[in-house]
Amino acid sequence: MLKKAFIPYKGYYSTPFCRWQGSMANENAISLAANTAKRWLAQKNWDPKMYEYLVFGNTIGQHHQFYASPWAAALMGSGATPGLILSQACTTSMTCIFTAAMGVEAGWYTVASALMTDRCSNGPHTIWPNPMGPGGEVISENWLMDNFNSDPNVGLKMIETAENVAKEGGFTKEQCDELTLRRYEQYNESLANDREFQKRYMFPAEVVISKKKSLLIEEDEGITPTTKEGLAKLKPVIPGGVHSFGAQTHPADGNCMVTVTTEAKAKELSADPAVSIQVVSGGYSRERPGYMAAAPVPAARLALEKAGLKIEDIKVIKTHNPFIVNDLYMSRQMGLDPFKFNNYGCSLVYGHPQGPTAGRIIIEGIEETVKLGGGYLLWAGCAAGDTGGSLILKIS
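The sequence shown finishes on residue 395 if you use numbering that gives the first Met the number 0, and the numbering steps up by one all the way, no holes.
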């Protein structure tokens, strides 16, 4: 359990997420994230040089990936700030925030930035020498699609691991469709009153169109309108399965940032010093091979145990749910009503850039908890290789 790491209220942002091969498709995700952070810091009148460490997270390599963290710091306006690069598939943001928090807890630094980004669009195509192979043919990998489609440990596509959990739990396509529709309705609630909820945390990204023209992206791009009848008509992706394309997420692009610091500095930086956001605990897990969608449950239980809490103590629950069975399974295992968490949005609806996905969801959870008057926030999500992560924050 952590006691010294805090997040200033409004000391974070997320850009909108853009559909695969959409408006962010041609931007280097590293420079786009850093330049977005620089613009956000300028708007808040914060000095980028206050950051003593940068925890940079992404999962899909970009040009100059080798220098991602120090380069991003320099672009932000904090060229003397050291840092590291983290990649942990879909739990990358949670790990970046928790790593920054552990550094504050240990006294390694006072103010850290967790900057997370990814561009699923135009993913790299990697080759390795293979001189002993037939004809010396190279070994190749399409970074995004090849890894979505085969976990080398079990030889399964990600959706196949979700179907394993669905089959074992006896979940039906009708249950999947019903909860998917609810998730779409919850997202729409974030758009009410001219996107009042989203505007609590969302900051626009600026992409370059030409030497003389740029585009300011202020809203999510690629949201698929969803109805009960439309979901019913969609066939399962895998014959005999329960997940249609409507009941799973889609690749996307975007970035986000979270400031992690001491309690005193958090009050100084906070948009409302009366709001306290403490990083309490985290947990990681690994499920049976081929059951990725089940991994958030043991991770959440470990985070609760480390915090000395029970699920009944949690005010707001947010999950990364690339497949809707993630939420059905977690609800059954932890005694939750699946229709009452993931308010205001989730990755199932607005897409999954991997690196920043959990960060945006955690930020949404903070804002929901503040809106409800405070309490504990629990985030949980799965990641590649049948792993999972969870984070608990205390908001008061």
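Quick reminder that beta carbons are idealized off the backbone N, C-alpha and C, glycines included.
Unbroken alpha helix (DSSP H) run spanning residue i, endpoints
i	result
A292	First-last for A292: undefined, no H or E at that position.
E205	Looking at the DSSP string, E205 is not in any alpha helix (DSSP H); the run it does join, the beta strand (DSSP E), is A204 to S209.
L40	A28 to K43
K172	K172 to E188
Q332	V324 to M333
T160	M157 to G168
E228	K227 to K232
N148	M144 to N148
Alpha-carbon spacing of residue i relative to residue j, whole angstroms
i	j	result
S209	N25	11 Å
S280	N129	44 Å
L407	K317	The structure shown does not extend to residue 407, since the chain is modelled only from 0 to 395, so the question has no answer here.
G229	E220	20 Å
S189	G169	32 Å
V257	K232	40 Å
L301	M0	11 Å
P15	A105	33 Å
S346	R194	17 Å
K227	K264	48 Å
A41	P47	9 Å
A71	A379	27 Å
Beta carbon of residue i nearer than 7 Å to that of residue j
i	j	result
I391	A306	yes
S92	Y50	no
G364	V296	no
A270	Y8	yes
I310	M329	no
A100	A4	yes
C17	H319	no
Q20	S120	yes
E366	Y200	yes
V324	A292	yes
V103	V259	yes
A251	P352	yes
S355	M157	Residue identity differs from the one stated: residue 355 is Pro in this sequence, not Ser. Against a cut-off of 7 Å, the Cβ pair of M157 and P355 comes out as no contact.
Where the beta strand (DSSP E) containing residue i begins and where it ends
i	result
G253	A251 to T260
R285	I276 to R285
Residue i (DSSP reduced to helix, strand or coil)
i	result
T109	coil
A382	strand
M201	strand
T116	strand
Y66	helix
K393	strand
G358	helix
F5	strand
K370	helix
Residue from the options whose Cα sits closest to the Cα of residue i
i	options	result
G282	A292, A298 and S275	A298
L215	R38, I6 and A73	R38
P288	I323, F55 and A382	A382
E179	T223, R199 and K211	What sits at residue 179 in the sequence shown is Thr, not Glu. Ranking the options by Cα distance to T179, first place goes to T223.
Y52	K227, I84, E159 and L335	I84
F65	C95, I29, P47 and Q247	I29
N254	S395, R359 and E162	R359
Q174	P235, S139, W127 and N141	P235
G374	A265, N320, T171 and Q277	Q277
N341	H351, Y186 and E205	Y186
E140	N152, H124 and P151	H124
G122	E162, V137 and H62	H62
Residue i: CB within 6 Å of a non-hydrogen atom of the ligand MG
i	result
G281	You won't find the ligand MG in this model; it holds no ligand whatsoever.
Test: residue i CB closer than 7 Å to a CB of chain C
i	result
K166	Absent from the structure is chain C; it holds one protein chain and no more.
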